[in-house]
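Participant: Residue numbering for the sequence shown follows the working numbering, beginning at 11 and increasing consecutively.
Glycine included, every Cβ here is placed at the ideal spot set by N, Cα and C.
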Amino acid sequence: MGKPVLPFLLHLFDLAASSVNVTEKNSPDPSDFDYEAALLACARGEKFALQAIYARDSRWLFSVAYRIVKRRELAEEVLHDAMVKVWNRSRLYSPALGSARGWVYTVVRNQALNSVRKRLMEVSSEEYDVPELSTNDNQELAQEAEKLSACLGKLDETKRNAIVLAFVDGYTHEQIAQRLNSPLGSVKSWIRRGLLKLKECLS
């Protein structure tokens, strides 16, 4: 029988919660750098723009990745792969998605979370040697998904919306505050408290 997914989900919630503490205040002042112009230049194929973003924010973005993956070599790999994605997907950026800097942050954070998911799934496959999911495994996954959905449903609407926007849709806290027309501090509090309640419910 395959490995239960609840420990996997709980670990991801722990990682996501740790990334909540890596905020704009830990990063360089963005007021003297035009991130939107840099992304537009990347979309035009101007490599210097990507180099400028990296030179400006690499230390901060590395810390974002490191807080999630917990290993320096993995954080370096995540940052490298994320910057490649920033370059390749820069033409997809639009101001309607939020700040350009927030968009770059989201790419790095999601790349880090994906790295953790991949590692956990690889460990699970090696440990349990399950080449494919059996009928029972599929039923178990469905039950766990149902439990997660039920736990989300127990959260009040503000916390639930903030968590879904952050960890399903990939929005930054700043973007969520704009979408919900709420103070940034409130959004961070909703996410932090909501994650704690979810972890308690899933346990």
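DSSP three-state call for Tyr76: helix, strand or coil?
Facilitator: By one-based count along the sequence shown, residue 76 stands at place 66. Tyr76 falls in the helix class under three-state DSSP.
Participant: Does any residue of chain D have a CB that is nearer than 9 Å to the CB of Tyr64?
Facilitator: In the displayed structure, chain D is absent; only one protein chain is listed.
Participant: Three-state secondary structure (DSSP) at Glu56?
Facilitator: Locating residue 56 in the sequence shown gives position 46, counting from the first residue. Looking at Glu56 - three-state DSSP - the assignment turns out to be coil, as it is neither helix nor strand.
Participant: I need the DSSP call for Leu205, collapsed to helix, strand or coil.
Facilitator: Sequence index remark: in the sequence shown, residue 205 carries index 195 (1-based). DSSP places Leu205 in helix when its eight states are reduced to three.
Participant: With three or more beta-carbon pairs closer than 8 Å as the criterion, would you say the segment 156-166 touches the segment 107-123?
Facilitator: no
Participant: Would Glu210 be called buried (16 or more neighbouring beta carbons within 10 Å of its own) or exposed?
Facilitator: In the sequence shown, counting from the first residue as 1, residue 210 sits at position 200. The residue is exposed, with fewer than 16 neighbouring Cβ atoms inside 10 Å.
Participant: Thinking Ala51 and Val88 are a contact (beta carbons under 8 Å), I'd like their distance in whole angstroms, please.
Facilitator: Counting from 1 along the sequence shown, the entry for residue 51 is found at position 41. Counting from 1 along the sequence shown, the entry for residue 88 is found at position 78. 24 Å between Cβ atoms; not a contact.
Participant: DSSP three-state call for Gly195: helix, strand or coil?
Facilitator: Mapped onto the sequence shown, residue 195 falls at position 185. Look at Gly195 here: in three-state DSSP terms it is helix.
Participant: How is Trp200 classed by DSSP in three states: helix, strand or coil?
Facilitator: Locating residue 200 in the sequence shown gives position 190, where the first residue counts as 1. Helix.
Participant: Can you find at least 3 beta carbon pairs, one from the segment 69-79 and one from the segment 94-111, that sit closer than 8 Å?
Facilitator: In short, these stretches do not touch, since the Cβ pair count stays below three.
Participant: Which word fits Lys128, buried or exposed, when buried means at least 16 other C-beta atoms lie within 10 angstroms of its C-beta?
Facilitator: Position 118 of the sequence shown, counted from the first residue, corresponds to residue 128. When all chains shown are included, Lys128 counts as exposed.
Participant: For Lys169, does the count of other Cβ atoms within 10 angstroms reach 16, so buried, or fall short, so exposed?
Facilitator: Within the sequence shown, residue 169 is the residue found at index 159, counting from 1. Under this definition Lys169 is a buried residue.
Participant: Taking only three categories from DSSP, how would you classify Ser68?
Facilitator: Working through the sequence shown from its first residue, we reach residue 68 at position 58. Helix.
Participant: Compare the C-alpha of Val96 against each of Ser73, Asp44, Lys57 and name the closest.
Facilitator: Locating residue 96 in the sequence shown gives position 86, where the first residue counts as 1. Checking every option, the nearest Cα to that of Val96 belongs to Lys57.
Participant: Pick helix, strand or coil for His183, following the three-state DSSP scheme.
Facilitator: Within the sequence shown, numbered from 1, the residue matching residue 183 stands at position 173. His183 falls in the helix class under three-state DSSP.
Participant: What is the rounded straight-line gap between the Cα of Thr182 and the Cα of Ala176?
Facilitator: Residue numbering aside, residue 182 sits at position 172 when the sequence shown is read from its first letter. Residue numbering aside, residue 176 sits at position 166 when the sequence shown is read from its first letter. Going by the C-alpha atoms only, they are around 6 Å apart.
Participant: With burial defined as no fewer than 16 other Cβ atoms inside 10 Å of the residue's Cβ, what is the status of Ala47: buried or exposed?
Facilitator: As a working note, residue 47 is residue 37 in the sequence shown. Exposed is the call here.
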